[in-house]
Amino acid sequence: MSEQRRTGRLSTLAAAYVVARRDFVAILFSRSFIFFLLGPLFPILVGGLAGGIGQRVQQTADRPELGVAMQAGDVKAMVQAHQRIASQLGQSMPVLVVVRELAPGEAFDPAAAMRGDRANLAAIVSGTPEAPVLTGPAERIEQWRGRVAMVAAEARASSSAVYPEVTLAGIATSKADQKHSRLVTAQLGQTVLFLLTMLLAGMVLSNLVEEKGNKIIEVLAAAIPMDAVFLGKLFAMLAVSWVGISVWGLAGGGVWLAAGNSLQDYPAPALGWPMFFALGVAYFSLGYLLLGSIFLAIGSMATTVREVQTLSMPVTMLQLLNFFFASYAIARSGTMVELAAIAVPFSSPFAMLARAAQDGALWPHLAAIGWQLLWVAVLVRGGAALFRKRVMKSGPAGGGRRPFWRRARAA
Amino acid sequence: MAGNAGDAQARPLAIEARGLVKRFDGFTAVDGVDLSVPEGAIYGILGPNGAGKTTTLRMLLGIIDPDEGVRRVLGHDRPHEVAHTIGYLPEERGLYPAMKAYEAIAFLGALRGLPLAEGRRRGRELLEEHGLGYAADRQIRQLSKGMAQQVQLLGTLVHEPRLVVFDEPFSGLDALNQGKLERMIRALAAKGTTVIFSTHVIAHAERLCDAVAIIAGGKVPFAGPVDVARDRIRPQVRLETRASDGPWRAALPADARHEGSFWYFSLPESGIEPLLRALIEGEAGILSLSIERAGLHDAFVAIAGEAAARALEEEKEEARR
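Listed in order, the protein sequences are those of chains A and B. Each residue of the first sequence is one higher than the last, beginning at 1 in the working numbering. Each residue of the second sequence is one higher than the last, beginning at 1 in the working numbering.
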């Protein structure tokens, strides 16, 4: 060790970087990170399947079938008329199903047919296009009368009617519509922010467990300030979260764009999409750091996973309340309620993102980011101090340990 | 020993603590500890479990702050300001299991401000020097416990600290590695590095230390050179005689006790010559006589107090059963 010493004192941020780099690399190159990245695919897959099935069920349930039982020529005319009208009216027309093409003079009992196997038939149209008879449950047939009359009239016409082309003349969104759209964007932004924060910040809970389990925490505490350990761990997990969000965002966004969607189709937030996204990044980071610092402090106190889960529950509920509070404040822009939601550090990121959707002023965001950063610093320092006080202590000898002089003799 | 006590007095202090007090939930773990560790010294902290050794070391390192008192480490009141010149091996060792051996050393160096690339290079070099080069690319979880301990020890030293603090460094090591560690500590001191360690193996302290602090019940009843500690106890005389009784018996001090064919007693304040004369004149028939200077263990028992001595007796009783 004759070389000149090349070490230098680390600042808190430099020390935090050493910890963050270790954690980030360790997590990113672990096998479990693959599962972390794949994680959101499962709910999407399940949601997609459930949604698809639900939509199919709903479509089937929402579009009852009307049966038609007339003489063959009338049936053909009714079906063609139905097709022409359905092409104009779309989903609001019931499905027309041929129940029976009657031979001349053949008798047909629609009531008996309704009691038969075709349970999905809402009603049966019989008779002729000139005098259609609608048979079905009394409380339901009334709603089909107009549409059956329309189809019958179309079927009765000697030549098919030509429907004129309607020119569409759209106008710019009205003030009321714009306000409503931005409200929806604000709600959507808040919800996404909340879900991401809650899902990802939870990972911080068990973050110090490894160090405590490996006993390396004392080496860290002796070398660098505990603030730096906490800060490093928080930022490492934030970086890991960003990797995940980027992967999910790119994959999801790609699919979304490939499906022909565009942001132009949606009403722009008050600050515009680029700034809205930039602030979304900032508020996610700050919301993550705020909640993560609490979770990290809780996790550092706990000695078992059960304790971690027990302690995290109240925080999760409290965060849910903060989210509801911020949601409540969305529609109360400029009131004391909104100001309170912005001032409370844990609801502040949600409230401010909603504001970005609804209000075009930028400076309140700079003030809010400063305010939230201040709270991150306070919480990290508080958590680190609590950890030093409660965990990094050396008390009296435990009952189960061999006394010093006995170990001395044994040696 | 690395140097004599006289030299140590003249050297500047690497560690200076005055009146350190630490309380936990109403329990006073450390109660007014004073320490002075000269630069380049090998300094031992001896004490039973719960005496306050680890708490004292943690306060000196800035892991926890004292409730009262002051500490100066390498001239600084805040130990983290000089963390890059300190190495620390805690009693409960630990590394990240997924890290490779040389990476673990580099990481420990990086925590002390050593650039990562430099730490990696030195990590490989140190592993080679200590016969562990073949394990440089193995993960910590793939190493034996002893090897992992050596890796952590090398990580403690990779940034070439001026002050090294070991908490129970010999625990968990086999005799071979204990010897290696003793040689390493001597080599560090020879290069001017200050080494302070706590241990429950008094023999290590006796062999290595220039000075010790004996800590019991959170207090330090003795802190100073090892020789001074040993001089607290009068040398012990062991006498073997041909005659079992006679007028010579009157010359033995009051604390003399007979065990087997030997008499044991403290050397009288008047010295050995008057006693010898009385034994010869009293026709004791001296077969053998030896004077042994008190060991550090005896000094510890005497200084740490009755509680430690009583516990020692309990241990003897337990061993006998």
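From the three backbone atoms N, C-alpha and C, an ideal C-beta is built for every residue, glycine too. Being a predicted model, the structure only gives us computed values, none of them experimental.
Any non-hydrogen atom of the ligand GTP closer than 7 Å to residue i Cβ
i        : result
B/Arg141 : In the structure on display, the ligand GTP does not appear, and there are no ligands present to speak of.
Where residue i falls: helix, strand or coil (DSSP)
i        : result
A/Leu45  : helix
B/Leu35  : strand
B/Pro225 : strand
B/Arg232 : coil
B/His84  : helix
A/Thr335 : coil
B/Leu143 : coil
B/His258 : strand
B/Gly192 : coil
A/His365 : helix
A/Thr303 : coil
A/Tyr266 : coil
B/Leu108 : helix
B/Leu239 : strand
A/Pro132 : strand
A/Ser347 : coil
B/Phe27  : strand
B/Lys219 : strand
B/Glu68  : strand
A/Arg406 : Low confidence applies here, because A/Arg406 scores a pLDDT of 42, under 50, leaving its location unreliable; read the following figure in that light. The answer is helix: DSSP assigns A/Arg406 an H, G or I state.
B/Gly119 : helix
Partner residues on chain E for residue i, Cβ-Cβ distance less than 8 Å
i        : result
B/Ala189 : The chain labelled as chain E is not found among the protein chains of the depicted structure, namely A and B.
6 Å CB neighbourhood of residue i in its chain, flanking five on each side removed
i        : result
B/Leu239 : Trp263 and Leu289
A/Val192 : none
B/Thr337 : In this structure chain B extends from 1 to 321, so residue 337 of chain B is not present and cannot be described.
A/Ala384 : Met226, Asp227 and Phe230
B/Ala284 : Thr241, Ala243 and Trp248
Nearest neighbour of residue i, chosen from the options [CA to CA]
i        : options                                   : result
A/Asp109 : A/Gly67, A/Ser11, A/Ser312 and A/Leu250   : A/Gly67
B/Ile64  : A/Glu154, A/Ala221 and A/Val19            : A/Ala221
A/Phe277 : A/Leu311, A/Thr128, A/Ala186 and A/Glu165 : A/Ala186
A/Met78  : A/Arg156, A/Met301, A/Arg388 and A/Tyr163 : A/Arg156
A/Leu38  : A/Gly244, A/Thr304, A/Ala331 and A/Leu320 : A/Gly244
A/Ala111 : A/Pro104, A/Ser87 and A/Ala138            : A/Ala138
A/Ala152 : A/Ala69, A/Ala302 and A/Val240            : A/Ala69
B/Ala10  : B/Val21, B/Ala41, B/Gly26 and B/Lys22     : B/Ala41
A/Phe194 : A/Ala368, A/Leu318, A/Ala343 and A/Leu257 : A/Leu318
B/Arg257 : B/Gly271, B/Ala243, B/Pro274 and B/Val237 : B/Val237
B/Asp167 : B/Lys180, B/Ala117, B/Gly52 and B/Val301  : B/Gly52
A/Ile342 : A/Ser206, A/His365, A/Ala251 and A/Arg306 : A/His365
A/Lys233 : A/Leu279, A/Leu296, A/Thr12 and A/Gly249  : A/Leu296
A/Gln83  : A/Leu321, A/Arg147, A/Ile369 and A/Met114 : A/Arg147
B/Arg230 : B/Ala203, B/Tyr134, B/Ser36 and B/Leu13   : B/Ala203
B/Phe107 : A/Leu311, A/Ala15 and A/Val378            : A/Ala15
A/Tyr328 : A/Ala351, A/Glu142, A/Tyr17 and A/Arg306  : A/Ala351
B/Asp227 : B/Arg141, B/Lys22, B/Asp210 and B/Ile215  : B/Asp210
Beta-carbon proximity list for residue i, same chain, < 7 Å, skipping 5 on both sides
i        : result
A/Gly372 : A quick correction: the sequence has Gln, not Gly, at residue 372 of chain A. Closer than 7 Å at Cβ, skipping near neighbours: Leu286, Leu290, Pro345, Ser348 and Pro349.
B/Val82  : Val73, Leu74 and His76
B/Arg18  : Asp34, Gly69 and Val70
B/Ala205 : Gly44, Leu46, Thr199, Val212 and Leu296
A/Thr197 : Phe284, Gly287, Tyr288 and Leu291
Close-in-space but distant-in-sequence residues of the same chain around residue i (CB under 8 Å, 5 per side omitted)
i        : result
B/Gly113 : Ala83, His84 and His159
B/Asp137 : Lys100, Ala101 and Tyr102
B/Gly282 : Gly246, Pro247, Trp248, Arg249, Ala250 and Ala251
A/Arg182 : Pro267, Pro269, Ala270, Ala357 and Gln358
A/Met150 : Ile85
B/Pro79  : Leu60, Leu61, Gly62, Arg71, Val73 and Ile86
B/Arg93  : Ala148, Gln149, Gln152 and Gly172
Beta bridge counterpart(s) of residue i as assigned by DSSP
i        : result
A/Tyr328 : In the DSSP output, where bridge partners are listed per residue, A/Tyr328 has none listed.
A/Gln71  : A/Leu102
B/Ser198 : B/Ile45 and B/Asp167
B/Gly113 : None, per the DSSP bridge assignment.
B/Leu289 : B/Leu239
B/Trp263 : B/Leu239 and B/His258
B/Ile214 : B/Leu46 and B/Phe222
A/Ala123 : A/Leu66
Cβ distance (whole Å) where residue i is taken to contact residue j below 8 Å
i        : j        : result
B/Pro235 : B/Arg293 : 5 Å
A/Leu353 : A/Gly189 : 5 Å
B/Val151 : B/Ile105 : 6 Å
B/Ile185 : B/Leu208 : 6 Å
B/Pro221 : B/Ala299 : Not a contact, Cβ separation roughly 11 Å.
A/Leu200 : A/Ser241 : 4 Å
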